[in-house]
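Numbering (the numbering used here), first residue to last: 565 to 1040. Just so you know, even glycine gets a beta-carbon here, dropped at the ideal spot from N, CA and C. All remarks here apply to the structure that follows.
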Amino acid sequence: MAAEFDVVVIGGGPGGYIAAIRAAQLGFSTACIDDWSGADGKPAPGGTCTNVGCIPSKALLQSSEHYEHAGHAFKEHGIDIAGLGLDVARMLARKDRIVTQNNQGILYLFKKNKVTFFHGRGAFSGGSAVAGWRIGVEGAQKSELTAKHVIVATGSTPRPLPGSAIDNERVLDNAGALALSVVPKTLGVVGAGVIGLELGSVWRRLGAEVTVLEALPAFLGAVDAAVAKEALKAFQKQGLAIHTGVRITKVATDATGVNVEYSDASATAQTVRFDRLIVSIGRLPHTLGLNAEAVGLKLDERGFVAVDDDCRTNLPKVWAIGDVVRGPMLAHKAEEEGVAVAERIAGGQPHVDFNTIPWVIYTSPEIAWVGRTEQQLKADGIAYRSGSFPFLANGRARALGDTTGFVKMLADAASDRILGVHIVGPMASELIAEAVVAMEFGASSEDIARICHAHPSLSEATKEAALAVDRRALNA
Ligand code: FAD
Ligand code: NAI
């Protein structure tokens, strides 16, 4: 099949499918090509996020948290559960159903918005900005498309540990770690980043003895230091063993497990044996099979598609967004770039503010932040005031039985403009939205302090942190 489109999007993850929908909304004839297949071989658009990332990990985090609460927290509420059981197969089946619902939801949205979907691998085969770019699709059906504009949204893949192949039997990437059919007795995790902490938490809650091996000397070095300290304390109390400053020298698998040799911060050599090992040491841009060379699409020195601030590549009318370009590897960042590019193609001048992209780690306690950390402000020589408020002093948190952590607000010493908000504690993922709105609107800490917040709610902790910037918290 040969067809011509105004916009062809290669990749149907959160960056690509959202870009395609927005382009179609703006009146462009739009196609989206995605190669992900479900277990049944059917199209499964949604990319890493929907299939082996955001969605399935949050499904398992929720299930495992219920299990942990039922086993440990309910008692305090006066609820006794006899014969608590765990059916991992049912838990995984629920997660898989949620993934499939999301895949089908995206296919429905394509139909609704008149986006033509191609299931298969898209690769540049030639063309130009003047004649139109040519994209070949290899799938159940072969197609040759011509596009006035191309948006590359091919995402990322797990970074392997040198010398240790991912087999998803014993050495697991994110896909394998989301599909373990039995709770391992011992689980090693290489990398104390977002995936390591989220998926390490899932399997610890379900009964695994989890050891996290992190190369850097500091735990969560990119996070505000006070938050990282509080989170480390909480994770260790839960039973996560976290070793920093680790250098892994050898990983060897055998029939029943994995032996990991490493040296720790004191350079002492250690060998530890795990039933399973998760490798979560970052992700790499995914450009394999795109045939970027055919058109001279430029990659940067780290293999990302090279783009400017507006996601323009070196080729006219070829754009790139999401994990395959610089910047944080987050679904919502990919989505924002997708919308912005579609609007730029339509002649608009949208702007994505990287300073107000929120980060969330969905552990318990949750960790969420937006803007700059205290250590960054110090390093940049910016004068600031800081206010913190502990959940221990928040009525709703006490009623929930979840009082770990705090909200911390950083504001410019002269103008009082909010420069960063850092939360560790219950529902931090939801609470951070207020801080993002505040920063987008250039709010001061006093603005938040003067806004009426519902009582009793966790959001009162944000208001109190704002009051604390001016040393006038009311409840602490
Ligand atoms: P992707 O989602 O990777 O999608 C790219 C798509 O393009 C894929 O379907 C791929 O198969 C397809 N593709 C690639 N090449 C071609 C080709 N040549 N032709 C056709 N199709 C192609 N982010 C968050 O914001 N919140 C979270 O809670 C979160 N949790 C995560 C948990 C895990 C375990 C992981 C691994 C990631 C998580 N992320 C999370 C990160 C998030 O998944 C990514 O940032 C996001 O998926 C990037 O979107 P994307 O559209 O750029 O790429
Ligand atoms: P990450 O970048 O978050 O963490 C990787 C960690 O591995 C770092 O702490 C790094 O120092 C460490 N590391 C690197 N090499 C190592 C080695 N050889 N030995 C030991 N440790 C080593 O990457 P991660 O966790 O793989 O996740 C990838 C991306 O996916 C993240 O950057 C994030 O953007 C995204 N993601 C987002 C989530 C969310 O928003 N909640 C959830 C999960 C993933």
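Whole-angstrom Cβ separation of residue 886 and residue 717, contact assumed at under 8 Å? Here the question's residue 886 lines up with position 322 in the sequence shown. Here the question's residue 717 lines up with position 153 in the sequence shown. Confirmed, about 5 Å.
Please name the residue in 725, 978 and 908 whose C-alpha comes closest to that of residue 844. Translated into positions along the sequence shown, residue 844 becomes position 280. With distances taken between Cα atoms, residue 844 lies closest to 725.
*Give a yes or no on contact between the region 905-914 and the region 871-891, applying the rule of three or more CB pairs nearer than 8 Å.*
Because the criterion of three Cβ pairs below 8 Å is met, the region 905-914 and the region 871-891 touch.
### Query
residue 1039: buried (16+ other C-beta within 10 angstroms of its C-beta) or exposed?
Here residue 1039 refers to the residue found at position 475 when the sequence shown is read from its first residue. So residue 1039 counts as exposed.
Just to confirm, is the Cβ distance from residue 752 to residue 842 under 9 Å? Residue 752 sits at position 188 when you count from the first residue of the sequence shown. Residue 842 sits at position 278 when you count from the first residue of the sequence shown. In this structure, residue 752 places its C-beta atom within 9 Å of the C-beta atom of residue 842.
**Message:** What does the alpha-carbon distance come out to for the pair residue 623 and residue 663?
**Reply:** Mapped onto the sequence shown, residue 623 falls at position 59. Mapped onto the sequence shown, residue 663 falls at position 99. One C-alpha to the other measures close to 9 Å.
Next on the checklist: Please state the DSSP three-state secondary structure of residue 955.
Outcome noted: Working through the sequence shown from its first residue, we reach residue 955 at position 391. Residue 955 falls in the helix class under three-state DSSP.
Residue 755 to residue 731, Cα distance in whole Å? Residue 755 sits at position 191 when you count from the first residue of the sequence shown. Residue 731 sits at position 167 when you count from the first residue of the sequence shown. So the alpha carbons of these two residues sit roughly 18 Å apart.
Which of helix, strand or coil does DSSP assign to residue 972? Taking the first residue of the sequence shown as 1, we reach residue 972 at position 408. Strand.
Measuring only from the beta carbon, is residue 847 closer than 8 Å to any heavy atom that is part of the ligand FAD? Counting from one through the sequence shown, the residue named residue 847 turns up at place 283. Flag set: Cβ of residue 847 near the ligand FAD.
Does DSSP put residue 600 in a helix, in a strand, or in coil?
Within the sequence shown, residue 600 is the residue found at index 36, counting from 1. Correct three-state label for residue 600: coil.
In this structure, how does DSSP classify residue 850 when only helix, strand and coil are distinguished?
Counting from one through the sequence shown, the residue named residue 850 turns up at place 286. Secondary structure of residue 850 (DSSP, three-state): coil.
Query - Extent of the continuous beta strand (DSSP E) run through residue 834 - result: Within the sequence shown, numbered from 1, the residue matching residue 834 stands at position 270. Start and end: 833-838.
Checklist entry - Among residues of its own chain, excluding the 5 on either side of residue 1017, which ones have a beta-carbon nearer than 6 Å to its beta-carbon? => result Mapped onto the sequence shown, residue 1017 falls at position 453. Close CB contacts of residue 1017 within its chain, under the 6 Å cut and outside five residues either way in sequence, are with 1023, 1024 and 1027 (chain order).
(request) Mind checking which residues open and close the alpha helix (DSSP H) that includes residue 709? (result) Within the sequence shown, the letter at position 145 stands for residue 709. Element bounds for residue 709: not the alpha helix (DSSP H) but the beta strand (DSSP E), 707-716.
Check: By DSSP, does residue 638 sit in helix, in strand, or in coil?
Finding: Walking along the sequence shown from the start, residue 638 turns up at place 74. Helix.
Quiz prompt | Option nearest residue 930 by Cα separation, candidates 878, 829, 792 and 862 | solution = Indexing the sequence shown from 1 puts residue 930 at position 366. Taking only the C-alpha atoms, the option nearest residue 930 is 792.
Pull up the distance between the alpha-carbon of residue 1000 and that of residue 986, whole angstroms please. Your numbering for residue 1000 matches position 436 in the sequence shown. Your numbering for residue 986 matches position 422 in the sequence shown. Counting only the Cα atoms, residue 986 lies some 11 Å from residue 1000.
Contact under 9 Å by Cβ, residue 953 with residue 1032
The count along the sequence shown starts at 1 and reaches residue 953 at position 389. The count along the sequence shown starts at 1 and reaches residue 1032 at position 468. Yes.
Give the DSSP bridge partners of residue 683, in chain order. By 1-based counting over the sequence shown, the position of residue 683 is 119. Checking the DSSP bridge columns, you'll see residue 683 partnered with 598.
Hey, could you find the ends of the alpha helix (DSSP H) residue 732 is sitting in? Along the sequence shown, read from residue 1 onward, the residue named residue 732 stands at position 168. From DSSP, residue 732 is part of no alpha helix (DSSP H); its letter is neither H nor E.
Please check the pair residue 1029 and residue 973, which I expect to be a contact at CB under 8 Å, by giving their CB distance rounded to whole angstroms.
Numbered from its first residue, the sequence shown carries residue 1029 at position 465. Numbered from its first residue, the sequence shown carries residue 973 at position 409. Correct: roughly 4 Å between the Cβ atoms.
What is the rounded straight-line gap between the Cα of residue 684 and the Cα of residue 703? In the sequence shown, counting from the first residue as 1, residue 684 sits at position 120. In the sequence shown, counting from the first residue as 1, residue 703 sits at position 139. Rounded to whole angstroms, residue 684 to residue 703 spans 4 Å at the Cα level.
*Check residue 930 in the structure and name its three-state DSSP category.*
As a position in the sequence shown, residue 930 is number 366, starting the count at 1. For residue 930, the three-state secondary structure derived from DSSP is strand.
- Message: Nearest by alpha-carbon distance to residue 944: which of 924, 968, 976 and 960 is it?
- Response: Mapped onto the sequence shown, residue 944 falls at position 380. That would be 976, whose Cα lies nearest to the Cα of residue 944.
Across which residues does DSSP place residue 725 in a beta bridge pair? Stepping through the sequence shown from its first residue, residue 725 is reached at position 161. Residue 725 is bridged to 728.
Specify the secondary structure class of residue 678 as computed by DSSP and reduced to three states.
-> For the purposes of this step, residue 678 is identified with residue 114 of the sequence shown, where counting begins at 1. If DSSP states are grouped into helix, strand and coil, residue 678 belongs with coil.
- Item | Burial state of residue 919 (16 or more Cβ within 10 Å) | Stepping through the sequence shown from its first residue, residue 919 is reached at position 355. It is exposed - the Cβ of residue 919 has fewer than 16 other Cβ atoms within 10 Å.
query = How many angstroms separate the CA atom of residue 790 from the CA atom of residue 938?
reply = To locate residue 790, count along the sequence shown from 1; it is residue 226. To locate residue 938, count along the sequence shown from 1; it is residue 374. Roughly 9 Å between the two C-alpha positions.
Discussion item. Measuring straight from C-alpha to C-alpha, what distance separates residue 714 and residue 969?
Written reply: To locate residue 714, count along the sequence shown from 1; it is residue 150. To locate residue 969, count along the sequence shown from 1; it is residue 405. Cα to Cα, the separation comes out at about 45 Å.
- Is residue 612 near the ligand FAD, going by C-beta to nearest heavy atom under 8 Å? Stepping through the sequence shown from its first residue, residue 612 is reached at position 48. Yes.
**Asked** Under a three-way DSSP split, which group does residue 621 fall into?
**Response** Locating residue 621 in the sequence shown gives position 57, counting from the first residue. Note: residue 621 maps to helix in three-state DSSP.
- So residue 783 packs on residue 806, CB below 8 Å; how close in whole Å? Along the sequence shown, read from residue 1 onward, the residue named residue 783 stands at position 219. Along the sequence shown, read from residue 1 onward, the residue named residue 806 stands at position 242. With a Cβ gap of about 6 Å, residue 783 and residue 806 count as contacting.
Under 8 Å from any heavy atom of the ligand FAD, does the C-beta of residue 948 make it?
One-based indexing of the sequence shown puts residue 948 at position 384. Outside the cutoff, so no.
**Study point:** Alpha-carbon to alpha-carbon, residue 911 and residue 834
**Key:** Here residue 834 is taken as the residue at index 270 of the sequence shown, counted from 1. Here residue 911 is taken as the residue at index 347 of the sequence shown, counted from 1. Inter-residue distance for residue 834 and residue 911 is about 59 Å (C-alpha atoms, whole angstroms).
Taking just the CA atoms, how far does residue 979 sit from residue 616? In the sequence shown, counting from the first residue as 1, residue 616 sits at position 52. In the sequence shown, counting from the first residue as 1, residue 979 sits at position 415. Going by C-alpha positions, residue 616 is about 43 Å away from residue 979.
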